[in-house]
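Numbering (our numbering), first residue to last: 593 to 915.
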């Protein structure tokens, strides 16, 4: 997937890469509902981000109705790991929720609407969804000419279940007003939506007479063209493509973009930065026990500078981390 948001955050140091991979776990659990490993993986996803509990509950209901059997491995892993983590939190931090919960606990549907509209608009995802639904409708019509029922294991059922999980995952960003940067809180629903669209275009085309003869080159060409167009697209408020590292990042209803982060000189690979890192590594090797223990306590709000202060305990001045 060459969507700018996916590429921008897949190597992020935040939890977003795991959120994007969590979308794959949901798809696997629907495609192979009897595999315990996939259920356990989905059960772990609320530990990545608590709001993933909502699509997790949707998946539990779907699997229960589909298989006529309670997904005990999914529920057991979710409750087991979740309760264990909560007990640790209460013991270690003396609180039920992290500081980020209190910073973000608000209701702002108007801002949430702007966040969803901006995230979807960058790649015209609503138009893409409409095209995919049109292909799905054609495929359904062609299938009904021959078949009368759609089995629960049919891809259409899996797609609908994934779309239900994606829609449920948008409730939280809509409620709290999204995030201060583009895409991050929409990583899960967008990736799940992409997975739900897998095979939608190919299915009706393969039902055409002698389709396999010319689709051998048509489908790869369509895939390459789609990937290229997706890679060229970017949020409308950026002045240039973020790959140029020169794009200006004006705010849209308070929503910025991670492109500014990649333009900071301290974060760019350079010979000077390499020498500085080598010097810090040498200092670390010669560190005293007090330095290694982080006896000195300091505050800071810039992650790059905080990372370099390895010899002290740093408390984030915004309350984003806990001492």
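Using N, Cα and C, we set each Cβ at its ideal position, and we do this for glycine too. Remember, it's a predicted structure, so these values are computed and weren't measured experimentally.
Asked: Quick one: Cα of residue 843 to Cα of residue 849, how far?; Found: 8 Å
Asked: For residue 645, collect the residues of the same chain with a Cβ closer than 7 Å to its Cβ; drop the 5 residues on either side in sequence, then sort them by chain order.; Found: 638
Asked: Would you mind giving the Cβ-Cβ distance between residue 631 and residue 665, rounded to the nearest angstrom? I have them listed as a contact below 8 Å.; Found: 4 Å
Asked: Could you tell me the distance, in whole angstroms, from the CA atom of residue 990 to the CA atom of residue 648?; Found: Residue 990 is absent from the structure shown; the chain starts at 593 and stops at 915.
Asked: Within the stretch 778-809, note down every full alpha helix (DSSP H) run reaching 4 residues or more, in order along the chain.; Found: 779-788 and 794-797
Asked: Measuring CA to CA, which of 731, 759 and 806 is closest to residue 718?; Found: 759
Asked: Could you give the distance in angstroms between the alpha-carbon of residue 727 and the alpha-carbon of residue 752?; Found: 14 Å
Asked: Determine the extent of the alpha helix (DSSP H) in which residue 898 is found, giving its start and end residues.; Found: 895-900
Asked: With a cut-off of 8 Å on the beta carbons, I'd call residue 707 and residue 765 a contact; round off their distance for me.; Found: 6 Å
Asked: Whose C-beta lies closer than 6 Å to the C-beta of residue 799 among residues of the same chain, with five residues either side of it excluded?; Found: 734
Asked: Buried or exposed, going by whether 16 or more other CB atoms sit within 10 Å of the CB of residue 786?; Found: buried
Asked: Taking all protein chains shown into account, decide if residue 851 is buried (16 or more other Cβ within 10 angstroms of its Cβ) or exposed.; Found: buried
Asked: State the DSSP-derived secondary structure class of residue 939, mapped to helix, strand or coil.; Found: The question about residue 939 has no answer, for the chain in this structure spans 593 to 915.
Asked: Would you kindly report the start and end of the unbroken alpha helix (DSSP H) that includes residue 608?; Found: 608-623
Asked: According to DSSP, is residue 551 helix, strand or coil?; Found: What the structure shows of the chain is the stretch from 593 to 915, and residue 551 is not part of that stretch, so it cannot be assessed.
Asked: If distances are taken between C-alpha atoms only, which option among 854, 693 and 600 comes closest to residue 910?; Found: 693
Asked: Between which two residues does the beta strand (DSSP E) harbouring residue 908 extend?; Found: 904-908
Asked: Is the stretch 615-632 close to the stretch 777-797, with three or more CB pairs under 8 Å?; Found: yes
Asked: Do residue 782 and residue 595 have their beta-carbon atoms positioned less than 8 Å apart in this structure?; Found: yes
Asked: Nearest to residue 671 by CA position, among 683, 809 and 652, is which residue?; Found: 652
Asked: Nearest by alpha-carbon distance to residue 548: which of 625, 736, 749 and 901 is it?; Found: The requested residue 548 is not part of the displayed model; the chain covers only 593 to 915.
Asked: Comparing C-alpha positions only, which one of 770, 881, 721 and 686 sits nearest to residue 696?; Found: 770
Asked: Scan the stretch 640-722 and note each continuous beta strand (DSSP E) run of 3 residues or more that stays entirely inside, going in chain order.; Found: none
Asked: Using the Cα positions of residue 831 and residue 774, report the straight-line distance between them to the nearest angstrom.; Found: 15 Å
Asked: From this set, 883, 613, 761 and 643, which residue's C-alpha is nearest residue 674's C-alpha?; Found: 643
Asked: Tell me the residue span of the beta strand (DSSP E) that contains residue 627.; Found: Looking at the DSSP string, residue 627 is not in any beta strand (DSSP E), and its letter there is neither H nor E.
Asked: Specify the secondary structure class of residue 890 as computed by DSSP and reduced to three states.; Found: strand
Asked: Taking the C-alpha atoms as reference points, what is the distance between residue 654 and residue 662?; Found: 10 Å
Asked: Cα separation between residue 624 and residue 659?; Found: 11 Å
Asked: Can you give me the Cβ contacts of residue 838 inside the same chain, cut-off strictly under 6 Å, excluding the 5 residues immediately before and after it?; Found: 832
Asked: Is the separation between the beta-carbon of residue 903 and that of residue 883 shorter than 8 Å?; Found: yes
Asked: Between 768, 779 and 834, which has its C-alpha nearest residue 853's C-alpha?; Found: 834
Asked: Quick one, which of 792, 657 and 826 has its alpha-carbon nearest residue 811's?; Found: 792
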